[in-house]
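Taking it in order: structure first as structure tokens, then the write-up.
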Amino acid sequence: MNSRPPTLDEVARRAGVSTGTVSRVINNAQHVSKKARQAVERAIEEVGYIPNVSARSLATQRRGAVVLAISSDDPALFANLFFAEVITGVNAVIEETDLELLLFLAASERGRERLARILRSRGADGVMLLALRENDPLSKLADASGLPVVHGGRSLDRTPEWYVDADNRGGAHQAVEYLISTGRRRIGTVTGPLDIHAGVARYLGFREALALAGLSDARVVNGDFSEASGAEGMARLLDEHPDLDAVFVASDAMAAGALTVLRERGRDVPGDVAVVGFNDIVTARQTQPALTTIRQPIEALGQEMTRVLLRLIDGERPTPLILPTELVIRDSA
Numbered sequence: 001m002n003s004r005p006p007t008l009d010e011v012a013r014r015a016g017v018s019t020g021t022v023s024r025v026i027n028n029a030q031h032v033s034k035k036a037r038q039a040v041e042r043a044i045e046e047v048g049y050i051p052n053v054s055a056r057s058l059a060t061q062r063r064g065a066v067v068l069a070i071s072s073d074d075p076a077l078f079a080n081l082f083f084a085e086v087i088t089g090v091n092a093v094i095e096e097t098d099l100e101l102l103l104f105l106a107a108s109e110r111g112r113e114r115l116a117r118i119l120r121s122r123g124a125d126g127v128m129l130l131a132l133r134e135n136d137p138l139s140k141l142a143d144a145s146g147l148p149v150v151h152g153g154r155s156l157d158r159t160p161e162w163y164v165d166a167d168n169r170g171g172a173h174q175a176v177e178y179l180i181s182t183g184r185r186r187i188g189t190v191t192g193p194l195d196i197h198a199g200v201a202r203y204l205g206f207r208e209a210l211a212l213a214g215l216s217d218a219r220v221v222n223g224d225f226s227e228a229s230g231a232e233g234m235a236r237l238l239d240e241h242p243d244l245d246a247v248f249v250a251s252d253a254m255a256a257g258a259l260t261v262l263r264e265r266g267r268d269v270p271g272d273v274a275v276v277g278f279n280d281i282v283t284a285r286q287t288q289p290a291l292t293t294i295r296q297p298i299e300a301l302g303q304e305m306t307r308v309l310l311r312l313i314d315g316e317r318p319t320p321l322i323l324p325t326e327l328v329i330r331d332s333a
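Sequential numbering from 1 applies to the sequence shown in the UniProt record's numbering.
Right under this line is the structure:
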């Protein structure tokens, strides 16, 4: 009696992976971790599985690279620890694969032209986009490529099909709720840029929390997430609202600038003015006083963006992700 040949499912069960991973190993896909590849190869040998050669020949041709395109050409970009942590997260997942990571700063016309050449030449398998502004041409360029595209964050003009974001609105709401719970009533904010989704979402969270408490939301100045804009915004708030007793600052970098101005103006933190930031980058633990802030999982955002993209490249249709935020209480509030 002829024995039944082993199946793909049996290989997957023996290796402790999905059948999709087995198929990727058989088809020599580039983005399989070394550990998974070794487990599948060992299982194939143990069960005596013989891959279908004709099926392997139909495997999609891979270029072996993915693009991370950031809508910025600011030379100070990498001084912003948010971007550094996102890139660290992206790289951590890429290192588990055989893929190369191509990084583009593509806010300028020249930067976008360079990216377009790569995409037109099919020099990459997929694209991740970060720091997009409203009606950003980078989004249209990536969509026109026909490649899988994952957004880090959402856009104001549309919700992309695939994205990974943090709960910016909920986090800002929690920050202001906490300030209210400590007895603060004259609360201001230095917003992020209001032409990007994160900036608007954090501003809306600020307004919602104050409205629910029956408090004024009129103490508002706009910033751009930089330390300099946080300092400028804090100075304006103090000039225009000298009775201010708390401030929600929409990024930790801006909050560091705000703390400097409060110190220069002789305001005690948190005695006179309590301060809460957003992100929980390393700087938040190093400010004087240490910064109470909303932690978003920045490195995890980069990791999950990459994982979603790899699943898209494999022909899957993953769901978008919104990562949770949490309040971290330190000395500034």
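Glycine included, every Cβ here is placed at the ideal spot set by N, Cα and C.
Below 6 Å CB to CB, which residues in the same chain sit around Ile322 once its five sequence neighbours on both sides are set aside?
-> Taken in chain order, the residues that qualify are Asp165, Asp167.
Starting from Val93 and walking both ways along the beta strand (DSSP E), at which residues does that stretch end?
-> No beta strand (DSSP E) holds Val93; the alpha helix (DSSP H) holding it covers 81 to 94.
Pairing CB atoms from the region 89 to 105 with CB atoms from the region 305 to 325, are three or more of them under 8 Å?
-> yes
Under 7 Å between C-beta atoms of Pro289 and Ser332 = yes
Residues in its own chain within less than 6 Å of Ala131 by CB, not counting five upstream and five downstream?
-> Taken in chain order, the residues that qualify are Ile70, Ser71, Ser72.
Taking just the CA atoms, how far does Asn135 sit from Ser57?
-> Low confidence applies to Ser57: its pLDDT is 36, below 50, so where it sits in the model is not reliable, and the reading given next is rough at best. Separation of Ser57 and Asn135 (C-alpha to C-alpha, rounded to the nearest whole angstrom) is 41 Å.
Start-to-end residues for the alpha helix (DSSP H) that takes in Gly302 | 298 to 313
Selection from Arg112, Val47, Ala284, Gly188 that minimises the alpha carbon distance to Ser251 = Ala284
To the nearest angstrom, how far is it from the Cα of Ala256 to the Cα of Val249?
-> 9 Å
With burial defined as no fewer than 16 other Cβ atoms inside 10 Å of the residue's Cβ, what is the status of Pro270: buried or exposed?
-> buried
Give a yes or no on whether 7 Å exceeds the smallest Cβ distance from Asn80 to chain C.
-> The chain labelled as chain C is not found in the depicted structure, where only one protein chain is given.
Alpha carbon to alpha carbon, how far is Arg158 from Ala198?
-> So the alpha carbons of these two residues sit roughly 13 Å apart.
Out of Asn279, Gln286, Ala274, point me to the one whose CA is closest to Glu299's CA.
-> Asn279
Exposure of Ser181, with buried meaning 16 or more beta-carbon neighbours within 10 Å = exposed
Thr325 versus Phe82: straight-line alpha-carbon distance, rounded = For Thr325 and Phe82, the distance between alpha carbons rounds to 15 Å.
Would you call the region 228 to 235 and the region 198 to 208 touching, i.e. three or more CB-CB distances under 8 Å?
-> The way I'd put it, the region 228 to 235 doesn't touch the region 198 to 208; fewer than three beta-carbon pairs between them come closer than 8 Å.
Fully enclosed by the region 147 to 205, which beta strand (DSSP E) runs are 3 residues long or longer?
-> Fully enclosed beta strand (DSSP E) runs of 3 or longer: 149 to 152, 163 to 166, 187 to 191.
Compute the Euclidean distance between the alpha carbons of Ile44 and Leu147, then round it to the nearest angstrom.
-> 32 Å
Cβ contact check for the region 138 to 145 and the region 169 to 178: 3 or more pairs under 8 Å = Contact fails between the region 138 to 145 and the region 169 to 178, because fewer than three Cβ pairs, one in each stretch, are under 8 Å apart.
Could you name the residues of the same chain whose beta carbon sits closer than 7 Å to that of Asp143, not counting the 5 residues immediately before and after it, in chain order?
-> Val149
Apply the 10 Å Cβ neighbour rule to Glu109 and answer buried if 16 or more other Cβ atoms are within range, or exposed otherwise.
-> exposed
7 Å Cβ cutoff met for Val190 and Gly153 | no
Cβ atoms of Ala36 and Val17: under 7 Å apart, would you say?
-> yes
Going by DSSP, what residues sit across from Phe248 in a beta bridge?
-> Thr189, Val276
CA-to-CA distance, Pro6 to Leu103, given in whole angstroms | 43 Å
Select from Ala15, Val11, Gly192, Thr21 the residue whose C-alpha is nearest the C-alpha of Asp314.
-> Thr21
Looking at the structure shown, is Arg295 part of a helix, part of a strand, or coil, going by DSSP?
-> Three-state DSSP puts Arg295 in a strand.
Do Gly302 and Ala258 have their C-beta atoms closer together than 7 Å?
-> no
Buried/exposed call for Leu312, threshold 16 Cβ in 10 Å = Buried, since its Cβ has 16 or more Cβ neighbours within 10 Å.
Check the C-beta distance from Ala246 over to Phe225 and give it rounded, since I have them as a contact under 8 Å.
-> No, Ala246 and Phe225 are not in contact; Cβ-Cβ is about 20 Å, not under 8 Å.
Please go through the region 121 to 148 and give each complete beta strand (DSSP E) segment of 3 or more residues, from N-terminal end onward.
-> Whole beta strand (DSSP E) segments, 3+ residues: 126 to 130.
Where Phe206 and Leu8 are concerned, what is the direct C-alpha to C-alpha distance, given to the nearest angstrom?
-> Separation of Phe206 and Leu8 (C-alpha to C-alpha, rounded to the nearest whole angstrom) is 53 Å.
Using DSSP with H/G/I as helix, E/B as strand and the rest coil, what is Glu316?
-> Three-state DSSP puts Glu316 in coil, outside helix and strand.
What's the call for Arg112, buried or exposed, on a 16-neighbour Cβ count within 10 Å?
-> buried
Return the chain-ordered list of same chain residues with a C-beta closer than 8 Å to the C-beta of Ala211, the five sequence neighbours on each side being excluded.
-> Asp217
Is the Cβ-Cβ distance between Val25 and Val40 less than 7 Å?
-> yes
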